[in-house]
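First comes the structure, then the notes that go with it.
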Amino acid sequence: MQPFSKDATSEPRGPVDASVVPRFAGIATFARLPRLDEVERADIAIVGIPFDSGVSYRPGARFGPAHVREASRLLRPYNPAQDVFPFGAQQVADAGDIAANPFDIAAAVAEIEAGARQLSEHADRLVAIGGDHTIALPLLRVAHAQHGPVAVLHFDAHLDTWDTYFGAPMTHGTPFRRASEEGLIDLTASMHVGIRGPLYSKDDLEDDARLGFAIVTSEFVEEHGVAAAIERIRARVGDAPLYISIDIDVLDPAHAPGTGTPEAGGLTSRELLRMLRALADLRIIGADVVEVAPAYDHAQLTAVAASHVVYELLSAMAPG
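Counting in UniProt numbering, the sequence shown tops out at residue 320, every number present.
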């Protein structure tokens, strides 16, 4: 296969044509896109990070990237909801996986950071498929190196701003506390969306506010609607460079059973996709979708939802 040369006259190289090669055949890159080594440079690189040693309950998200890629075979080139060809308006490629030490969290975080920095030399923006939420910390370090403090829009059932688990400072429940402490995030423009369920203490909310986050709870969406949630998100983020981090457990377990720490009362997949579509004119500089655990999935419900979430992110990041 000849390498893609991106010049003034060339078009982005898109997915394999499903009318020529059946969707169930061939290599399962994300959305059947070309590999990064098959193009000269990418506007966006999709990268898997199969790491889940930071989980506190159900393991298995290390198998998430492959599971989401498999479900993404069903995606098509045109997104009518956003009126965009996400693979035609920009070069998107699958960069494979960043390998990370499964026995040493600190070593893994360093390896993920190094891998993301290296990929950034070949792609303008990264969209990562996890893996557990620990991976957000090294990805935010790379984003900060490029853009300075970034607004973090964090979709999740959980705050992920706790201090430690069993004395460990880097887990899937701590990335945004560490990111705030390291000065990686914009304390005036960051927000959680979809938070719900029991907490350890009311102090958790006070700590979270001090660390720089506002909150749109799942209950707020239920009571006031998606449009009101979008209004609050956009007012908070403004024109800051925006990093979007999505834990698939922001969705109700009815829509995403295959995850490590499910909580009842979550968003529907339709609500989440609508919120992402409303961000298309913002300065999205990177994203991750994490915590897909295939062993707990049923009929690819979670993987289908996650693949569509990535698709809407890519569509929102397309020029114009």
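Using N, Cα and C, we set each Cβ at its ideal position, and we do this for glycine too.
Computed from a prediction, not measured in an experiment: that's the story for all the values here.
Quiz item: Hey, would you say L153 sits closer than 9 Å to L279, going by beta carbons?
Solution: In the sequence shown, residue 153 corresponds to position 153, counting from 1. In the sequence shown, residue 279 corresponds to position 279, counting from 1. In contact: L153 and L279 (Cβ atoms closer than 9 Å).
Quiz prompt | Assigned exposure category for V241 - 16 Cβ within 10 Å defines buried | solution = Translated into the one-based positions of the sequence shown, residue 241 becomes position 241. Checking the sequence shown, residue 241 turns out to be Pro, not Val. Label assigned to P241: buried.
Quiz item: Is G194 helix, strand or coil by DSSP?
Solution: Position 194 of the sequence shown, counting from 1, holds the residue named residue 194. Reduced to three states, the DSSP call for G194 is strand.
Exercise. Starting from S201, follow its DSSP beta bridges and name the residues at the other end.
Key: To locate residue 201, count along the sequence shown from 1; it is residue 201. Partner(s): none; S201 has no beta bridge.
Quiz item: What residue range is occupied by the uninterrupted alpha helix (DSSP H) comprising residue 337?
Solution: Residue 337 falls outside the range modelled here, since the chain spans only 1 to 320, and no answer is possible.
Quiz item: What do you get for T171, buried or exposed, if any count of 16 or more other CB atoms within 10 angstroms of its CB means buried?
Solution: Along the sequence shown, one-based indexing puts residue 171 at 171. Buried.
Quiz item: With distances taken between CB atoms, is the gap from V24 to R73 smaller than 9 Å?
Solution: Counted from its first residue, the sequence shown places residue 24 at position 24. Counted from its first residue, the sequence shown places residue 73 at position 73. A quick correction: the sequence has Phe, not Val, at residue 24. Result yes, Cβ atoms of F24 and R73 sit closer than 9 Å.
Self-check item: Sequence-distant residues of the same chain with beta carbon closer than 8 Å to R178, five excluded per side
Solution: Numbered from its first residue, the sequence shown carries residue 178 at position 178. These residues qualify, in order along the chain: L137, P169, M170.
Self-check item: Paired residues, beta bridge with V289 - DSSP
Solution: To locate residue 289, count along the sequence shown from 1; it is residue 289. Answer is I129, I246, bridged to V289.
Quiz item: For I195, does the count of other Cβ atoms within 10 angstroms reach 16, so buried, or fall short, so exposed?
Solution: Looking up residue 195 in the sequence shown gives position 195. So I195 counts as buried.
Self-check item: N- and C-terminal bounds of the beta strand (DSSP E) containing V21
Solution: Along the sequence shown, one-based indexing puts residue 21 at 21. No beta strand (DSSP E) contains V21, which DSSP labels as neither H nor E.
Exercise. Kindly give me the distance between the Cβ atoms of P262 and D249, rounded to whole angstroms, as I take these residues to be in contact under 8 Å.
Key: By 1-based counting over the sequence shown, the position of residue 262 is 262. By 1-based counting over the sequence shown, the position of residue 249 is 249. Yes, P262 and D249 are in contact; Cβ-Cβ is about 6 Å, under 8 Å.
Quiz item: If you run the structure through DSSP and keep just helix, strand and coil, what is A260?
Solution: Along the sequence shown, read from residue 1 onward, the residue named residue 260 stands at position 260. Reading the sequence as shown, one finds Gly at residue 260 and not Ala. It is coil, neither helix nor strand.
Practice problem: Provide the residue(s) that pair with residue 337 in DSSP beta bridges, ordered along the chain. | Solution: Nothing about residue 337 can be reported from this structure: the residues present for the chain run from 1 to 320 only.
Practice problem: Count the other C-beta atoms from every protein chain shown that fall within 10 angstroms of the C-beta of Y200, then say buried if there are 16 or more, exposed otherwise. | Solution: Along the sequence shown, one-based indexing puts residue 200 at 200. Its Cβ having fewer than 16 others within 10 Å, Y200 is exposed.
Quiz item: Can you list the alpha helix (DSSP H) stretches of 4 or more residues lying completely in the region 11-93, in chain order?
Solution: 64-71
Quiz item: When the distance is taken between beta carbons, is A229 closer than 9 Å to F220?
Solution: Locating residue 220 in the sequence shown gives position 220, counting from the first residue. Locating residue 229 in the sequence shown gives position 229, counting from the first residue. Yes; because the gap between Cβ atoms is below 9 Å, this pair is in contact.
Quiz prompt | Residue closest to T161, alpha-carbon to alpha-carbon, out of I215, G148, D281, G48 | solution = The residue you call residue 161 lines up with position 161 of the sequence shown. When each option's Cα is compared against that of T161, the closest is I215.
Quiz item: Is the distance from the Cβ of A93 to the Cβ of I44 below 9 Å?
Solution: The residue given as residue 93 occupies position 93 in the sequence shown. The residue given as residue 44 occupies position 44 in the sequence shown. Yes; because the gap between Cβ atoms is below 9 Å, this pair is in contact.
Self-check item: Euclidean distance between Cα positions of L301 and V292
Solution: The residue you call residue 301 lines up with position 301 of the sequence shown. The residue you call residue 292 lines up with position 292 of the sequence shown. Those two C-alpha atoms are separated by around 10 Å.
Quiz item: G26 and G88 look like a contact to me (Cβ under 8 Å); what is the Cβ gap, rounded to whole Å?
Solution: Within the sequence shown, the letter at position 26 stands for residue 26. Within the sequence shown, the letter at position 88 stands for residue 88. Actually they do not touch by this definition, with Cβ atoms about 20 Å apart.
Exercise. For L267, write down the residues that DSSP places opposite it in a beta bridge.
Key: Here the question's residue 267 lines up with position 267 in the sequence shown. Paired residue(s): L251.
Practice problem: Have a look at Q82 and A107 and give me their C-alpha separation to the nearest angstrom. | Solution: Sequence index remark: in the sequence shown, residue 82 carries index 82 (1-based). Sequence index remark: in the sequence shown, residue 107 carries index 107 (1-based). In a straight line, the C-alpha of Q82 is about 40 Å away from that of A107.
Self-check item: Same chain, Cβ closer than 8 Å to I112, five either side skipped, listed in chain order
Solution: To locate residue 112, count along the sequence shown from 1; it is residue 112. Hits under 8 Å: I49, F51, I98, A100, I135, P138, L139.
Quiz prompt | CA-to-CA distance, Q91 to R69, given in whole angstroms | solution = Your numbering for residue 69 matches position 69 in the sequence shown. Your numbering for residue 91 matches position 91 in the sequence shown. Approximately 18 Å, taken between the alpha carbons.
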